[in-house]
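For reference, each letter of the sequence shown is one residue, going 2 to 366 in the working numbering. Written below as structure tokens is the structure these notes are about.
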Amino acid sequence: MSIKRVLVVDDEEDLTWSIARHLEKDRDKYQLYTVNNGKEALELLNQIPMDVVVSDIRMPEISGLDLLLKIRENYPQTKVIIMTAYGSSEVQEEANARGCFKYLEKPFEIHELREMILAGVEERRGFEGKISDFQLSDIIQMNCLGRLTNALHVQQGSRHGTIYFEDGDIVHSVVGDLEGEEAFYEIISWEGGTFQVERAVKAPRETIVKGWQSLLMEGLRLADEKRNSRKAAPPDKETQRRQKLETLLKKFAAQKGVILCQVLDQKGNVLSSFIHDKHAKKYDAGQTATALLHLFRAAAESGQRLHFNAAKEVVTEFDGGRVMVVPFQRQQNYFAVVADVSLNLAVLRMETKKLLPNLAKVWQD
């Protein structure tokens with residue numbers, strides 16, 4: 002039987018000392034580690050895998066939220082307990098019930114924390130979830146409970162939205178032409194996608210005054226209604242097309258070495274995009290599409306000057322990676338790939354050749 006490990010992270014040294022002393026009685030059930038900041042926590046996690054991490058939200062330099070996102074990205078099987086000093090809510094209760102992670106309100110009785118940790122290491126019923134189940138609503142409430150000032154960027158396929166927090170209040174949201182509450186409700190209804198936190202960024206203006214708990218609960222209610230209506234009615238042709246493209250790209254991106262892949266139209270609009278989570282901070286779907294189409298057109302123009310016909314594909318090798326852009330449907334649309342050097346070029350060409358007929362078929366169905 003493998004040894005279970007638990008890490009407690011809090012910038013209050015007296016608290017971590019007290020927790021360690023009281024949890025000493027469970028040393029036969031797990032090894033306990035304590036650190037006083039997020040940086041030390043990440044360094045320790047890089048060396049020793051943890052089964053349960055207990056962390057405060059509000060800490061200097063690397064906040065509990067930043068730590069959680071790193072754990073989600075690199076250690077998805079870890080269970081997490083969040084300590085917060087800002088009161089419970091219906092939203093917290095919903096998160097606890099879902100089992101993704103647990104909330105514990107400060108000040109707490111040590112036996113409450115002890116029971117939560119034991120439930121985590123023993124994988125009791127009600128704490129089966131992993132941090133990989135972390136959802137958008139979870140990261141929203143953590144910004145609020147931690148009284149953080151951040152910009153939360155959310156990417157779902159070709160759609161991009163931003164939610165702004167100021168001292169834990171949701172003050173502004175924008176997606177496309179929508180702003181305020183309407184934009185917030187649109188973003189929270191998205192299923193899947195990636196998110197990135199930009200720390201200490203203030204909103205350009207204030208468009209939301211409703212309290213965050215009411216806003217979030219209403220958003221979750223509307224999202225449920227939207228999901229139920231989608232189940233009741235068959236998706237329209239455009240939605241079906243987008244879903245098929247997303248499925249094809251996700252399958253293609255499962256190859257080792259693929260960083261991202263996209264389908265673009267002639268104007269450079271992103272029809273579908275898949276970016277691996279670990280690369281989401283580095284690549285913006287829209288900016289990447291613009292760069293890839295510019296690369297293809299520059300090569301095609303050079304080919305014309307050399308008296309060649311239309312470009313069939315453009316492949317560019319860089320130090321550390323390679324890019325391929327291939328037109329299809331008589332150059333109405335483009336398939337583009339960004340990959341690292343571990344993906345063999347011959348394999349990339351072969352897999353792309355197999356994919357293109359399936360992409361074209363999406364428009365024929």
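A virtual CB, placed ideally from N, CA and C, is assigned to each residue, including glycine.
Contact check, residue i vs residue j, beta carbons under 8 Å
i    : j    : result
L250 : S273 : yes
V338 : T353 : yes
M84  : S56  : yes
V264 : L296 : no
A86  : K107 : yes
M117 : I58  : no
T79  : M51  : yes
S138 : I209 : no
I111 : I141 : no
H280 : A254 : no
R6   : Q32  : yes
Y186 : G162 : no
Q197 : K282 : yes
Q256 : L179 : no
Option nearest residue i by Cα separation, candidates the options
i    : options                   : result
I4   : S19, L24 and V53          : V53
L357 : Q214, F309, C262 and G212 : C262
G258 : N229, D225 and A340       : A340
R160 : F253, E219, K80 and V271  : V271
L114 : R22, A42, Y186 and L66    : R22
E62  : G194, P328, D11 and M351  : D11
L1   : I20, S19 and P77          : Shown here, the chain extends from 2 to 366; a query on residue 1 therefore has no answer.
K245 : I82, V122 and L360        : L360
E314 : G304, L179 and N151       : G304
L119 : F109, L146, I82 and C145  : I82
I260 : A286, L223, Q241 and T248 : A286
K268 : K227, E247, Y284 and P328 : P328
Range of the contiguous alpha helix (DSSP H) that encloses residue i
i    : result
L246 : K238 to F253
R377 : Past the edges of the chain, shown from 2 to 366, lies residue 377, and the structure says nothing about it.
Q142 : L137 to L146
G258 : From DSSP, G258 is part of no alpha helix (DSSP H); its letter is neither H nor E.
Endpoints, beta strand (DSSP E) assigned at residue i
i    : result
S3   : Segment: none, S3 is in no beta strand (DSSP E) and carries neither H nor E.
T79  : Taken as a continuous stretch (DSSP letters only), T79 belongs to no beta strand (DSSP E), as it is neither H nor E.
T163 : R160 to E167
Q288 : Unbroken run through Q288 is the alpha helix (DSSP H), A286 to R306; no beta strand (DSSP E).
T317 : V315 to F319
L153 : N151 to Q157
A340 : N334 to D341
H23  : Where H23 is concerned, there is no enclosing beta strand (DSSP E), although the alpha helix (DSSP H) it sits in stretches over E14 to H23.
Anticipated Cβ contact below 8 Å, residue i with residue j, distance rounded
i    : j    : result
Y335 : V326 : 6 Å
G169 : R200 : 14 Å between Cβ atoms; not a contact.
L43  : L8   : No, L43 and L8 are not in contact; Cβ-Cβ is about 10 Å, not under 8 Å.
A301 : A311 : 7 Å
F135 : N151 : F135 to N151, Cβ: 16 Å. No contact.
beta-carbon residue i near the ligand NAD non-hydrogen atom, thresh 7 Å
i    : result
G269 : For the structure depicted, the ligand NAD is absent and the ligand set is empty, with no information on it obtainable.
Is the stretch 172-191 touching the stretch 204-214 in the sense that three or more CB pairs, one from each, lie closer than 8 Å? yes
Hey, is the stretch 208-228 in contact with the stretch 153-163, meaning 3+ C-beta pairs nearer than 8 Å? no
The stretch 69-78 touching the stretch 11-29, judged by at least three CB pairs closer than 8 Å: no
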